[in-house]
Each structure stands twice: as structure tokens, then as C-alpha cells.
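**Student:** Below is a structure I'd like to ask you about.
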Amino acid sequence: IDPSAIERIEIVRGATAIYGNGATGGLINIITKQAGEGKPSFYTDVQGSGSLTRVARGLSGTITQGFQGRKDWFDYNIVGTFNNQGGMFDAEGSRTMPGTNTIGGFADTRSYNVLSKFGATFGEHRLQLTFNRKESQQDTNHFPDPSVDALPRTNARYIPGLSLDEQPKLTNSQISLDYSHPHLFLDSRVHIQGYYRSQRTTFPTFDVRPFGGTEVVQGLPQTDVLGTRVEITTPIPLYGKPLVTYGMDFSSQHGDNRQNLYDPAILDASGGRIFRKIGRTPLLPSRVFDSIAGFAQGEWTPISALVVRGGVRYERLGISSSDFTDGVGNFTPAGSVKFDTTVFNAGFVYHLIDPLDLFFNFSQGFNVPVGSIDAALFGVTPGTNIALSKLQPQRVNNYELGLRGKWSKVQSSLS
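Residue numbers (the working numbering): 9 to 423.
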């Protein structure tokens, strides 16, 4: 997502019951710009940059246009950003990082990002539709000089003449629909969300031959995620004003990984310049990753200086793959595996003296990394089938104890 669409970023250290698979050590919460207020307003931001050693060839620019406002029950916020990144050069004027041969780069790249939010508020009921799309496409004429960019790696030299139709590209789309109410029942705050995410990537080309292979390839992974979550926060009318947040979440992730194949003979004959595509084949079996969980997270303030928190989460994970035959006839049968676990977290914050707080937190995380799934499906060597039944999840215990202080102009923590 482009920074122009972001309002703020929160860092949460340690796992919590509210967030599950993939958040074993904490999470980074990216909060996009909120709905507008009042009459329609426009804002425009223009930025430029360049290289001091190659001024004309290094020129780059970004333009951002925003439009936001509110009319009665309807509010909106639309932010669009277009960026054109020119060449990149070092302090001596030598071109750097077009990003071929597996190493991605930002030089000679055009990108855009569009964030749109539309909200409807009826009394205390609120619906919000959010859409974000980011696309980045590289179009460079330069590539690493094969006579320099050889194994073992040395300082690369980039020369012109690259002929490659499908250059590195990233497309990331996200859409979500949210319903919220601050006092729906038992004075509870309710949030319900459904979402869909899609990511398509075209990687740089990769010559496998120096590593024992016979091909020149280009990875084309794609991922689609569909999910929903329900969060309800209910105050308990007891001493210390306890709050309980509880609910469930579900996600289903579908992954597919294909690759372009290029003619090695033509590549060699052209001195590494010309990539002629000769086919497209599956690289890994398609896979489905399902997760469903229920959770409860509580907070209690027995005395004004002490806040106690704790939570529990039960999660079930299911992973399945399709039958797969690679380009040389090696067969990997379909498979599936399921896991379930219960994880806990607990901690407190105690206000010692102004401005110091003492805090402690214990949390458990549960995760099955995507990379380990791919290794289990296919193995590190083409055609090597490592059974899914041997796959094991990660279980992580985090302990944190520390002090933090906030003065008028300084914040500090030691943990």
C-alpha cells in the first residue's frame, strides 16, 4: 500500500487472542485514511527527486490527489497516487538496481495506488466500504553485464539492450465491508467485517543453470484470500470495570504458483539480452489454507494504577493441495493436514510514579509459515515430495518485562 493512503501505523508486540495465525510475535496494524468531514475538500501533493550524478536520467516524480467530505449520512475519502521512478545511480554515476536475475529493484518503475472509502451512518449504525489497489510495473532497458555479474557475486555493471516482454510487476487489491455499532446490546460495541484480498506478482527472471538446473525461469505466484471476523466488546458491571472482547474469525487462502520458461540458447547467444518465452508451466501444486478460530480477551482495572489483561484463543487450521506433475513428469499427489491448538496471553501495566510504568506480558503464538507449506508440498528439489503429514506448526512463547516513561517531549522504554 502506498504511504499516501495511510493515516497511521500501530506496532503491537506479542501475540494476543484477538489475532491468530501469522501474528506469533505481534502485528503491524496499518490504518488507512479515515472518512472525510464537512464540505467537499481537495488536496494535491507533488514531489520530485533526482540523482546528483545523473540528473536527467534520474528524474522521478510523485503526484497525489485527494478528495473527501461528508453530506448528511454519507461520507467519502478518495486518494490517488501516481509515481514514476527514473534510473538510480550511485555516487560515482554508475547505474544501480534495475533488479533482474532474482534481485528486485525500484528503478525505471511506474506505480499507482487508489484508496477509496465510502461510509453510511444511520443513527449509531455504520456501514463502510473500502477498496485499495496498488500496481507497480517495471520497464527498464538495462540488465546486469554477464561478464561482471557472475558467480561468485561481484559489483554488478548494468548495460542497455534488455529485451523482456514480461518485466517485474506487482498488483495488490483489497476490498472490505465493515458494520459497526457502539451500543448494540448490553452496551456492547460490535464490529463485523468481510474482506477479500488478491495479489499477483511477476518476479524478475532467474537463470537456474549456475545452481545445477537447466532452465531460465520467471515466477508468477498469485494469492487470493477471503475472510470474515466478528468482534464484540462488552462491559461487565462489576468492580474494576472489566471489559471482554470476544468473537470469531475465518479466512480461506488460495495460492497458485506458475512460471514462465525462457530459451537458454537465445539468451546465451544474445549475451544475456534477449528473453524469448517458450512456455508457462506450474511451479508448485495449488494449495488452500483455511483457518477458523474463536477468541476472548479481557481487561480489568482493580485499582487506578493497575491494568490486567488476559485472553484465550482456540484455532483450527486446514491445509490441502492438488495433484501436481512438474515439467519433467515428477508426480506429487494431493494431500491435506489439519491442526488445532489453544493459546493464551496475560499481562499487566502498573503505574509506578509519574512518568514511569512497569509492564509484563506473556503471550503464545501459533503459525504455519507459507514457505514451510510449499516445502512440504514440493521440496527444495523439483519432484521431491515431502508429505504434508510431516508438516508441523510453529508454537511461540513470548515473555516481556519492562519500564516505559513519557515526558513532555521524550518517550522511552526498556524491556
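For every residue, glycine included, the Cβ atom is placed at its ideal position computed from N, Cα and C. Bear in mind the structure is a predicted one, so any value in this text is a computation, not a measurement.
With 16 other CB atoms within 10 Å as the buried threshold, where does residue 411 fall?
**Tutor:** The sequence position of residue 411 within the sequence shown is 403, counting from 1. With fewer than 16 other Cβ atoms within 10 Å, it is exposed.
**Student:** Just the C-alpha distance for residue 27 and residue 357, rounded to the nearest angstrom, thanks.
**Tutor:** Sequence index remark: in the sequence shown, residue 27 carries index 19 (1-based). Sequence index remark: in the sequence shown, residue 357 carries index 349 (1-based). Distance between the alpha carbons of residue 27 and residue 357 is about 20 Å.
**Student:** Between the beta-carbon of residue 362 and the beta-carbon of residue 325, is there less than 9 Å?
**Tutor:** For the purposes of this step, residue 362 is taken as the residue at position 354 of the sequence shown. For the purposes of this step, residue 325 is taken as the residue at position 317 of the sequence shown. It is not a contact, given that the beta carbons lie outside the stated cut-off.
**Student:** Might you give, ordered along the chain, the residues of its own chain that have their beta carbon closer than 8 Å to the beta carbon of residue 422, omitting 5 neighbours on each side?
**Tutor:** Counting from 1 along the sequence shown, the entry for residue 422 is found at position 414. If we look at residue 422 and ignore the five residues flanking it on each side, its Cβ neighbours are 410, 411, 412.
**Student:** Residue 369 and residue 22: beta carbons closer than 9 Å?
**Tutor:** Locating residue 369 in the sequence shown gives position 361, where the first residue counts as 1. Locating residue 22 in the sequence shown gives position 14, where the first residue counts as 1. Yes; because the gap between Cβ atoms is below 9 Å, this pair is in contact.
**Student:** Can you confirm whether the segment 270-282 touches the segment 314-328 when touching is taken to mean that 3 or more C-beta pairs between the two stretches lie within less than 8 Å?
**Tutor:** Too few Cβ pairs lie closer than 8 Å, so no.
**Student:** Please classify residue 193: does DSSP put it in a helix, a strand, or coil?
**Tutor:** If you number the sequence shown from 1, residue 193 lands on position 185. Coil.
**Student:** Quick one: what does DSSP say residue 232 is sitting in, helix, strand or coil?
**Tutor:** Here residue 232 corresponds to residue number 224 of the sequence shown, with the count starting at 1. Looking at residue 232 - three-state DSSP - the assignment turns out to be strand.
**Student:** Any idea what DSSP makes of residue 371, helix, strand or coil?
**Tutor:** Start at 1 with the first residue of the sequence shown, and residue 371 comes out as number 363. It is a strand residue.
**Student:** According to DSSP, simplified to helix, strand and coil, what is residue 299?
**Tutor:** Here residue 299 corresponds to residue number 291 of the sequence shown, with the count starting at 1. DSSP places residue 299 in strand when its eight states are reduced to three.
**Student:** Could you tell me the alpha carbon to alpha carbon distance between residue 261 and residue 234, rounded to whole angstroms?
**Tutor:** Looking up residue 261 in the sequence shown gives position 253. Looking up residue 234 in the sequence shown gives position 226. Between residue 261 and residue 234, the C-alpha separation is close to 7 Å.
**Student:** So, does the segment 112-119 touch the segment 132-151, judging by three or more C-beta pairs under 8 Å?
**Tutor:** yes
**Student:** When the distance is taken between beta carbons, is residue 10 closer than 9 Å to residue 91?
**Tutor:** Start at 1 with the first residue of the sequence shown, and residue 91 comes out as number 83. Start at 1 with the first residue of the sequence shown, and residue 10 comes out as number 2. Result yes, Cβ atoms of residue 91 and residue 10 sit closer than 9 Å.
**Student:** Does the segment 254-271 come close enough to the segment 288-295 that 3 or more CB-CB pairs lie under 8 Å?
**Tutor:** In short, these stretches touch, since the Cβ pair count reaches three.
**Student:** Taking residue 289 as the reference, which of 56, 168, 17, 333 has the closest Cα?
**Tutor:** Mapped onto the sequence shown, residue 289 falls at position 281. Measuring from the Cα of residue 289, the nearest candidate turns out to be 333.
**Student:** As an exercise, report each continuous beta strand (DSSP E) stretch of at least 3 residues that is fully enclosed by the segment 212-296, in chain order.
**Tutor:** 213-215, 224-243, 251-270
**Student:** Please go through the segment 50-112 and give each complete alpha helix (DSSP H) segment of 4 or more residues, from N-terminal end onward.
**Tutor:** none
**Student:** Leaving aside the five residues before and after residue 244 along the sequence, list all residues of the same chain whose C-beta is less than 8 Å from its C-beta, in chain order.
**Tutor:** Indexing the sequence shown from 1 puts residue 244 at position 236. Correct list, in chain order: 250, 251, 252.
**Student:** Using the C-alpha atoms, what's the distance from residue 80 back to residue 42?
**Tutor:** On the sequence shown, position 34 is the one that residue 42 refers to. On the sequence shown, position 72 is the one that residue 80 refers to. Those two C-alpha atoms are separated by around 17 Å.
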